[in-house]
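Numbering (our numbering), first residue to last: 10 to 378.
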């Protein structure tokens, strides 16, 4: 057993970045971006970075993480989520991503190699933006923003709805006019509506050829999603905030969504995300990951999505679009010494060891709280 690497330290970095102009979705005005990063050190000098939805308690870190071999990621994951004091899959995500970063660095390979290889070295993106603006010319601003994404080569984009029946119909219609018929358009209601309203709004929007209608109602209402899906002639997407495979089970078994959207920084990291993809694949449901946060989550999602085969293996598969967050966030654009930026509507998969990014500690310190 000699020569096994050991974890020697776990640090959390809570980051906050104030945006210059607030933007809104169905439940809030966003004035800042925040993330929780995990930094795990080892006795070999290798450090790994993760991003999660929360932090673990000190007792759980001491019992289940400190002194362990980072390559025992499955053992560590199960210990953290079977302990009597913890079942916080979102917090485990950060630790798990950091462990995979360490493994990749130790073996001098990108994480996608550990996941079985890459089906693609760059991924077509949809521009994720088109939030509500706090301006009297909001509709015109949305149209201008949408045209800008077309000019930058994005084949698809997503806009925020869930802001009222009139708002949703007016602005979806305006954006569709602005981008033409050849660009895929998705909408995201962020859990805004009850089932009846979600169906009514969906029917109003059907005329604008939407690729999917995301999170139209409460995340926990599986029966509601089934009802919405049956009532509308468009794809229904969801589950971005679901933690662990158990939260996806009924959605997948009941075919409550057409597309599942796990977020690697919430679902449980690479170790759990792979299981969710397997569940969805076995039920012929495409996976299009959600991505919102810092550059660590961005890089992790790129490795994960690169390792996923197309759904389905045909001449006309469901597109494996990457959610390219286009809103202002220095934690995504400035925290890595080499930013990951879209080029002609594509994001390149990092090729360096582990996550393939180097954290800029000056930026880390600047936005730490």
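Beta carbons: idealized from backbone N, C-alpha and C, even for Gly.
Residues that DSSP places opposite residue i in a beta bridge
i, result
"residue 350", "Paired residues: none, contrary to the question."
"residue 355", "133, 352"
"residue 119", "363"
"residue 166", "136, 194"
"residue 144", "According to DSSP, which records beta bridges pairwise, residue 144 is partnered with nothing at all."
"residue 244", "221"
"residue 51", "16"
"residue 82", "Answer by DSSP bridge pairing: none, since residue 82 is not bridged."
"residue 268", "246"
"residue 45", "23, 61"
Where the alpha helix (DSSP H) through residue i begins and ends
i, result
"residue 5", "For residue 5 there is no data in the structure shown, the boundaries of the chain being 10 and 378."
"residue 195", "First-last for residue 195: 193–197, but that is the beta strand (DSSP E), not the alpha helix (DSSP H)."
"residue 279", "278–291"
"residue 57", "Note, residue 57: premise wrong, no alpha helix (DSSP H); beta strand (DSSP E) at 56–61."
"residue 392", "Only positions 10 to 378 of the chain appear in this structure, which leaves residue 392 out of reach."
"residue 306", "304–315"
"residue 180", "174–188"
"residue 373", "370–375"
Proximity winner among the options, relative to residue i (alpha-carbon distances)
i, options, result
"residue 4", "163, 175, 351", "What is shown of the chain runs 10 to 378, which leaves residue 4 out entirely."
"residue 17", "227, 75, 308, 287", "75"
"residue 282", "25, 304, 314", "314"
"residue 152", "176, 98, 184, 375", "184"
"residue 344", "308, 150, 357", "308"
"residue 294", "317, 174, 126, 300", "317"
"residue 66", "148, 330, 104", "104"
"residue 349", "310, 287, 284", "310"
"residue 333", "356, 321, 144, 101", "356"
"residue 190", "155, 174, 176, 175", "155"
"residue 376", "19, 148, 26", "26"
"residue 237", "220, 202, 114", "202"
"residue 28", "41, 22, 20, 192", "41"
Continuous beta strand (DSSP E) stretch holding residue i: start and end
i, result
"residue 26", "16–33"
"residue 252", "Here residue 252 belongs to no beta strand (DSSP E), and DSSP marks it neither H nor E."
"residue 37", "Here residue 37 belongs to no beta strand (DSSP E), and DSSP marks it neither H nor E."
"residue 337", "Taken as a continuous stretch (DSSP letters only), residue 337 belongs to no beta strand (DSSP E), as it is neither H nor E."
Assumed close pair residue i, residue j - CB separation to whole angstroms, cut-off 8 Å
i, j, result
"residue 267", "residue 246", "7 Å"
"residue 252", "residue 47", "16 Å between Cβ atoms; not a contact."
"residue 35", "residue 198", "6 Å"
I want to know whether the segment 170–190 touches the segment 126–137 - three or more CB-CB distances under 8 Å. Look at the beta carbons and you see the segment 170–190 not touching the segment 126–137: under three pairs across the two are nearer than 8 Å.
Across the segment 97–117 and the segment 138–153, are there enough close Cβ pairs to call them in contact, namely three or more that are closer than 8 Å? Contact fails: fewer than three Cβ-Cβ distances are below 8 Å.
With a cut-off of 8 Å, do at least 3 Cβ pairs link the segment 198–212 to the segment 62–71?
Flag = no, the segment 198–212 and the segment 62–71 do not touch.
Practice problem: Give a yes or no on contact between the segment 240–260 and the segment 73–84, applying the rule of three or more CB pairs nearer than 8 Å. | Solution: No: the two stretches stay apart, fewer than three of their Cβ pairs being nearer than 8 Å.
**Request:** Could you tell me whether the segment 291–305 touches the segment 55–62, using the rule of 3 or more Cβ pairs below 8 Å?
**Result:** Touching, yes.
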